[in-house]
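Colleague: Residue numbers (UniProt numbering): 1 to 755.
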């Protein structure tokens with residue numbers, strides 16, 4: 001393997017072709033011939049080889065595995081490429097259920113079924129057998145608590161990848177789906193004879209061939225690097241096999257060109273000056289934190305000698321700017337890895353006070369009660385989300401490999417969650433086949449989700465991590481498609497996805513020694529994980545559900561928006577449209593303020609803009625509780641929260657000093673013969689839920705200070721404040737009429753009544 005290929009930081013690097021006669025990565029001798037073409041003669045020869053080698057057969061735990069290469073090559077679907085540990089774990093899996101009398105052969109056939117039942121094959125020709133139709137999810141081995149491979153994915157009902165493949169590819173997938181039968185070849189025409197009668201000696205030889213193939217693959221595989229450790233690392237493998245849809249057409253290129261023109265007109269890339277400003281802010285933030293840490297260390301007598309090295313923190317960049325998809329208004333997600341003696345209380349109290357005293361810092365909000373505590377502020381006009389992580393030693397290395405799971409040993413739960421921000425972003429970039437196409441696709445989906453009002457984790461929708469995992473999943477599935485084709489298949493696949501089937505980029509693995517395993521997503525052990533409606537699992541450790549806040553109402557809205565995108569792109573494809581003006585329909589702003597007859601209006605007031613920002617951040621994180629309470633109200637049928645704070649266009653308040661903002665939750669009432677009675681019952685139930693929400697979540701909140709007020713009332717559309725409509729109520733009435741006509745037309749077309 002060449003040195004340039006070895007040092008390339010990607011998990012999807014292809015193995016270079018071996019020299020003629022080379023057997024690297026394949027079983028050798030009689031075992032190789034046995035694995036390729038089983039026959040009684042080869043079984044006897046392999047049995048003799050197994051007796052000769054005895055217990056000296058190589059395994060995947062060999063000490064020389066991975067020394068020449070630090071990265072693991074992705075599996076191409078051959079069951080000969082599995083390591084011995086994974087083979088052993090899967091052979092005892094409840095999904096496979098091998099017979100005890102011939103366990104090696106049964107496990108081999110079961111593993112073959114598992115490999116042939118991967119996503120692309122299932123999409124093309126259906127499952128292999130009843131075992132591949134099992135419900136997806138992680139399978140725990142009965143002999144150990146280790147988490148093993150997920151069950152084969154099944155595509156949602158109504159979606160088939162066969163439509164994306166050429167006929168010869170469909171035929172090849174169907175041939176691959178046929179289970180391997182261990183029959184000797186007989187006759188001149190290659191006919192199949194009687195089944196083999198395998199003796200225990202033959203079974204032992206077959207098991208030896210499996211172990212040899214696994215060890216040979218492990219010796220030439222890429223491994224994810226573990227800084228400062230020679231132990232074997234968990235392997236990163238995508239759980240889906242790529243689907244090749246043929247070469248791009250001229251329409252695909254035109255469509256991609258129109259899409260990029262539309263994207264750049266709505267959300268252009270940051271200018272060089274803006275990028276320089278971001279870099280300067282990162283450098284300034286590092287200088288500020290080091291200065292504060294130096295003063296804190298001297299005050300606590302941690303650094304008394306002038307000759308000692310000054311203490312410093314390590315700043316780790318995550319989020320959109322780590323992925324290189326940040327826009328001009330995107331926040332900087334930075335993790336401050338602090339020395340061991342800097343506690344969480346000291347960080348959020350002392351550093352917060354230190355930042356408030358700097359003239360370059362504005363609008364600082366300390367969200368200490370969040371699952372991942374954050375200091376949010378503006379530094380030289382750039383929004384920064386500063387996270388805290390506590391290192392296990394007093395000195396933090398400046399060049400620390402975040403890939404290694406061993407750096408998590410001894411850390412608290414909050415620090416592990418904070419470090420997941422840069423770790424997940426780095427692992428996702430390694431798991432996508434084409435990082436350039438992935439970044440462009442992610443820019444498009446993030447913009448679409450924000451404009452459609454479904455980009456907010458705290459409001460119950462999907463946050464940046466969830467959308468990133470979904471985009472990476474589709475890019476893994478269609479690695480050679482054009483950008484417009486990937487976007488189209490993003491909506492095609494996810495609009496018909498059978499939730500709560502989980503989305504995984506790679507197989508989760510157990511935590512290393514000394515690391516808390518309670519964070520790991522495991523529905524087999526944790527009943528809370530089984531209740532998740534839309535599991536989107538992050539790669540690496542800990543593998544967590546990034547969409548844990550999704551509820552019934554927000555899941556319905558996300559599915560509706562995905563279906564809307566699919567219908568728009570299907571129409572574009574059917575008519576051959578590719579202009580930027582057509583793509584603008586996909587990014588149309590949300591119609592929440594004109595689509596419902598009834599709304600819950602949350603009006604917030606504060607003495608200043610900074611107070612309103614802090615107050616609105618807290619209320620928006622609690623509004624999800626109100627939505628979940630309204631879901632249990634019988635007359636209320638559909639609930640739609642809007643995650644963004646709506647600022648009035650005018651000055652509605654007589655108090656000129658007050659800052660005002662609104663949150664809206666639209667809802668519809670179930671239609672029946674007694675509509676007036678149902679509307680009154682809905683108002684009564686909603687008022688009761690609002691009173692309970694205010695009393696339990698807002699009235700005695702520690703974040704609420706003097707001047708922070710909230711008012712929550714139910715209003716009809718005609719009673720909404722006029723200042724919340726950017727173009728006025730008259731223009732909003734026209735938009736509302738067009739939306740109602742559009743919905744009626746869509747309903748007629750669905751019923752076969754429209755032309």
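Even for Gly, the Cβ is constructed at its ideal location relative to N, Cα and C.
Give the C-beta separation of residue 245 and residue 481 to the nearest angstrom, bearing in mind that I take them to be a contact with Cβ-Cβ under 8 Å.
Modeller: Stepping through the chain shown from its first residue, residue 245 is reached at position 245. Stepping through the chain shown from its first residue, residue 481 is reached at position 481. Residue 245 to residue 481, Cβ: 6 Å. Contact.
Colleague: Assuming residue 604 and residue 465 make a contact with CB atoms under 8 Å, what is their CB distance in whole Å?
Modeller: Here residue 604 refers to the residue found at position 604 of the chain shown. Here residue 465 refers to the residue found at position 465 of the chain shown. That belief does not hold up - the Cβ atoms of residue 604 and residue 465 are roughly 27 Å apart, past 8 Å.
Colleague: Where residue 270 and residue 679 are concerned, what is the direct C-alpha to C-alpha distance, given to the nearest angstrom?
Modeller: The residue you call residue 270 lines up with position 270 of the chain shown. The residue you call residue 679 lines up with position 679 of the chain shown. Cα-Cα distance, rounded: 49 Å.
Colleague: Taking the C-alpha atoms as reference points, what is the distance between residue 108 and residue 440?
Modeller: Position 108 of the chain shown holds residue 108. Position 440 of the chain shown holds residue 440. Per-residue confidence for residue 108 stands at a pLDDT of 36, beneath the threshold of 50, marking its modelled position as unreliable; no derived number is given.
Colleague: Would you call residue 115 buried or exposed, if buried means 16 or more other Cβ atoms sit within 10 Å of its Cβ?
Modeller: In the chain shown, counting from the first residue as 1, residue 115 sits at position 115. Note that residue 115 scores a pLDDT of 34, beneath 50, so its modelled location is shaky; the value from the coordinates is reported in the next line. Flag for residue 115 reads buried.
Colleague: Bridge partners for residue 709 per DSSP, in chain order?
Modeller: Sequence index remark: in the chain shown, residue 709 carries index 709 (1-based). Looking at the DSSP assignment, residue 709 forms a beta bridge with 605.
Colleague: Which value, in whole angstroms, describes the spacing of the CA atoms of residue 273 and residue 279?
Modeller: The residue you call residue 273 lines up with position 273 of the chain shown. The residue you call residue 279 lines up with position 279 of the chain shown. Looking at the two C-alpha atoms, the distance is approximately 10 Å.
Colleague: Using the C-alpha atoms, what's the distance from residue 629 back to residue 670?
Modeller: Indexing the chain shown from 1 puts residue 670 at position 670. Indexing the chain shown from 1 puts residue 629 at position 629. Spanning the two alpha carbons is a distance of roughly 17 Å.
Colleague: Going by the CB atoms, is the gap between residue 433 and residue 397 shorter than 7 Å?
Modeller: Taking the chain shown and counting its residues from 1, the one referred to as residue 397 is at position 397. Taking the chain shown and counting its residues from 1, the one referred to as residue 433 is at position 433. No, the Cβ-Cβ distance between residue 397 and residue 433 is not below 7 Å.
Colleague: Looking only at its chain, what residues have a beta carbon closer than 8 Å to the beta carbon of residue 735, apart from the 5 residues adjacent to it on each side?
Modeller: To locate residue 735, count along the chain shown from 1; it is residue 735. For residue 735, where only same-chain residues beyond five positions count, the Cβ hits under 8 Å are 591 and 594.
Colleague: Going by Cα to Cα distance, which pick from 728, 573 and 524 is closest to residue 648?
Modeller: Numbered from its first residue, the chain shown carries residue 648 at position 648. Ranking 728, 573 and 524 by Cα distance to residue 648 puts 728 first.
Colleague: Under a Cβ-count criterion, where at least 16 other Cβ atoms within 10 Å of its own Cβ denotes burial, should residue 570 be classed as buried or exposed?
Modeller: Numbered from 1 along the chain shown, position 570 holds the residue referred to as residue 570. Residue 570 should be labelled exposed.
Colleague: Count the C-beta pairs between the stretch 422–433 and the stretch 457–464 that are closer than 8 Å, then say yes if the count reaches three, no if not.
Modeller: With the cut-off at 8 Å, the stretch 422–433 and the stretch 457–464 do not touch.
Colleague: Here's the rule: buried if 16 or more other CB atoms are within 10 angstroms of the residue's CB, otherwise exposed. What is residue 167?
Modeller: Your numbering for residue 167 matches position 167 in the chain shown. Its pLDDT being 41, under 50, residue 167 is placed unreliably in this model, and the value from its coordinates should be taken loosely. Flag for residue 167 reads exposed.
Colleague: Based on the DSSP secondary-structure assignment, which residues constitute the bridge partners of residue 668?
Modeller: Counting from one through the chain shown, the residue named residue 668 turns up at place 668. Paired residue(s): 638.
Colleague: Please classify residue 739: does DSSP put it in a helix, a strand, or coil?
Modeller: Along the chain shown, read from residue 1 onward, the residue named residue 739 stands at position 739. Note: residue 739 maps to helix in three-state DSSP.
Colleague: Identify every run of the alpha helix (DSSP H) within the stretch 234–302, keeping only runs that are complete inside it and at least 4 residues long; order them along the chain.
Modeller: 250–266 and 272–299, all fully within the stretch 234–302.
Colleague: Any idea if residue 138 is buried or exposed, counting beta-carbon neighbours within 10 angstroms, 16 or more meaning buried?
Modeller: Within the chain shown, numbered from 1, the residue matching residue 138 stands at position 138. With a pLDDT of 34 at residue 138, under the threshold of 50, the modelled position of this residue cannot be trusted; read the value that follows with caution. Classification of residue 138: buried, given that the 10 Å Cβ count is 16 or more.
Colleague: Using a Cβ-Cβ cutoff of less than 6 Å, which residues in the same chain neighbour residue 645 once the five nearest sequence positions on both sides are dropped?
Modeller: Residue mapping note: residue 645 aligns to position 645 of the chain shown, counting from 1. Once the five neighbours on either side are set aside, the close Cβ partners of residue 645 are 616 and 661.
Colleague: Using alpha carbons as the reference points, say which of 394, 292, 379 and 258 lies closest to residue 348.
Modeller: The count along the chain shown starts at 1 and reaches residue 348 at position 348. Of the listed residues, the one whose Cα sits closest to residue 348 is 292.
Colleague: Helix, strand or coil: how does DSSP classify residue 347 here?
Modeller: Residue numbering aside, residue 347 sits at position 347 when the chain shown is read from its first letter. Residue state, collapsed to three classes: helix.
Colleague: Going along the chain, which residues of its own chain have a beta-carbon closer than 7 Å to the beta-carbon of residue 557, five neighbours each way excluded?
Modeller: By 1-based counting over the chain shown, the position of residue 557 is 557. Counting only Cβ-Cβ distances below 7 Å, and skipping sequence neighbours, we find 454 and 640.
Colleague: With DSSP collapsed to three states, give me the class of residue 362.
Modeller: Taking the chain shown and counting its residues from 1, the one referred to as residue 362 is at position 362. Residue state, collapsed to three classes: strand.
Colleague: Does the count of Cβ pairs from the stretch 393–412 and the stretch 437–452 closer than 8 Å reach three?
Modeller: With a cut-off of 8 Å, the stretch 437–452 and the stretch 393–412 do not count as touching, because too few Cβ pairs lie within range.
Colleague: The alpha helix (DSSP H) that contains residue 473, what's its start and end?
Modeller: Position 473 of the chain shown holds residue 473. Its alpha helix (DSSP H) spans residues 464–477.
Colleague: Give me the Cα-Cα distance between residue 565 and residue 341, rounded to the nearest whole angstrom.
Modeller: The sequence position of residue 565 within the chain shown is 565, counting from 1. The sequence position of residue 341 within the chain shown is 341, counting from 1. So the alpha carbons of these two residues sit roughly 51 Å apart.
Colleague: Which value, in whole angstroms, describes the spacing of the CA atoms of residue 400 and residue 285?
Modeller: Your numbering for residue 400 matches position 400 in the chain shown. Your numbering for residue 285 matches position 285 in the chain shown. When rounded, the distance between both Cα atoms is 19 Å.
Colleague: Quick check: residue 389 and residue 350, are their CB atoms within less than 7 Å of each other?
Modeller: In the chain shown, the residue the question calls residue 389 occupies position 389. In the chain shown, the residue the question calls residue 350 occupies position 350. No; because the gap between Cβ atoms is not below 7 Å, this pair is not in contact.
Colleague: Indicate the three-state DSSP secondary structure (helix, strand or coil) for residue 558 in the structure shown.
Modeller: Position 558 of the chain shown holds residue 558. Residue 558: helix per DSSP, three-state reduction.
Colleague: Does the beta-carbon of residue 468 have 16 or more other beta-carbons within 10 angstroms, so that it is buried, or is it exposed?
Modeller: To locate residue 468, count along the chain shown from 1; it is residue 468. When all chains shown are included, residue 468 counts as buried.
Colleague: Count the other C-beta atoms from every protein chain shown that fall within 10 angstroms of the C-beta of residue 753, then say buried if there are 16 or more, exposed otherwise.
Modeller: Residue numbering aside, residue 753 sits at position 753 when the chain shown is read from its first letter. Burial call: exposed.
Colleague: Taking only three categories from DSSP, how would you classify residue 750?
Modeller: Position 750 of the chain shown, counted from the start, is the residue given in the question as residue 750. In this structure, residue 750 counts as helix in the three-state DSSP scheme.
Colleague: Going by the beta-carbon positions, is the gap between residue 757 and residue 714 smaller than 7 Å?
Modeller: The structure shown does not extend to residue 757, since the chain is modelled only from 1 to 755, so the question has no answer here.
Colleague: Could you tell me the alpha carbon to alpha carbon distance between residue 635 and residue 677, rounded to whole angstroms?
Modeller: Position 635 of the chain shown, counted from the start, is the residue given in the question as residue 635. Position 677 of the chain shown, counted from the start, is the residue given in the question as residue 677. One C-alpha to the other measures close to 10 Å.
Colleague: Go ahead and pull the three-state DSSP assignment for residue 331.
Modeller: Numbered from its first residue, the chain shown carries residue 331 at position 331. In the structure shown, residue 331 sits in coil (DSSP, three-state: anything other than H, G, I, E or B).
Colleague: Could you pull out every residue in the same chain whose Cβ sits closer than 6 Å to the Cβ of residue 555, ignoring the five residues on either side in sequence?
Modeller: For the purposes of this step, residue 555 is taken as the residue at position 555 of the chain shown. The answer, listed in chain order, is 533 and 534.
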